[in-house]
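Chemist:
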Amino acid sequence: YGQRGIYSNTHFEVIDGFDNKKEENISITVLKTVIYGDVSEITRSGGSTGVAGAVIQILDQTQTNILAETTSDSLGHFNIFKDFWTDGIYFVKILKAGYEDGLIQINVADNSIEPFNSTMTAYVRITSPQDGAVIYTEP
Numbered sequence: 054y055g056q057r058g059i060y061s062n063t064h065f066e067v068i069d070g071f072d073n074k075k076e077e078n079i080s081i082t083v084l085k086t087v088i089y090g091d092v093s094e095i096t097r098s099g100g101s102t103g104v105a106g107a108v109i110q111i112l113d114q115t116q117t118n119i120l121a122e123t124t125s126d127s128l129g130h131f132n133i134f135k136d137f138w139t140d141g142i143y144f145v146k147i148l149k150a151g152y153e154d155g156l157i158q159i160n161v162a163d164n165s166i167e168p169f170n171s172t173m174t175a176y177v178r179i180t181s182p183q184d185g186a187v188i189y190t191e192p
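Given below as structure tokens:
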């Protein structure tokens, strides 16, 4: 979750480069709620890899108004911070050239949103010359 609020009795620990350690329980005030997740694509081996540079937009229920926007980092991770999210349904739109657009519905309750993942599908062009098929991925 990435919920705004006050979290008391939170364990905090710091270790410096010389193995010195300081720890105590503190109170933390989180000022913004975060929507976060990962954008990835399935690899040929069946694993997944992060998609860098994907645009992530949070849309209202009509899917016409962009409420927030960010770009995924080199590992495909993203964070969108906002002071407050009204309870209801939102849509996450994910865009990147060479990939099929993604659209995911999310629900917000008590200013809290669960993390989620999205798998992107790359566009592929197949040609078949006489000596065999050649596959090119679209840019």
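Read in order, the letters of the sequence shown are residues 54 to 192 in the numbering used here. No residue lacks a Cβ here, since even glycine has one placed at the ideal position from N, Cα and C. Remember, it's a predicted structure, so these values are computed and weren't measured experimentally.
#1: Look up Glu76 in the DSSP assignment and give the residues it is bridged to.
#2: With burial defined as no fewer than 16 other Cβ atoms inside 10 Å of the residue's Cβ, what is the status of Tyr143: buried or exposed?
#3: Beta carbon of Tyr89, beta carbon of Ile157: below 9 Å?
#4: Do you know offhand how far Tyr60's Cα is from Thr96's?
#5: Quick one: Cα of Gly99 to Cα of Glu76, how far?
#6: Is it buried or exposed, Ala175, if we count other Cβ atoms within 10 angstroms and call 16 or more buried?
Modeler: In short, the structure shows the following:
#1: DSSP lists Glu66 as partners of Glu76.
#2: Residue environment for Tyr143: buried (at least 16 other C-beta atoms within 10 angstroms of its C-beta).
#3: No, they are not a contact pair.
#4: Each residue's Cα considered, the two are about 40 Å apart.
#5: A direct Cα-Cα distance of roughly 42 Å separates Gly99 from Glu76.
#6: Exposed, since its Cβ has fewer than 16 Cβ neighbours within 10 Å.
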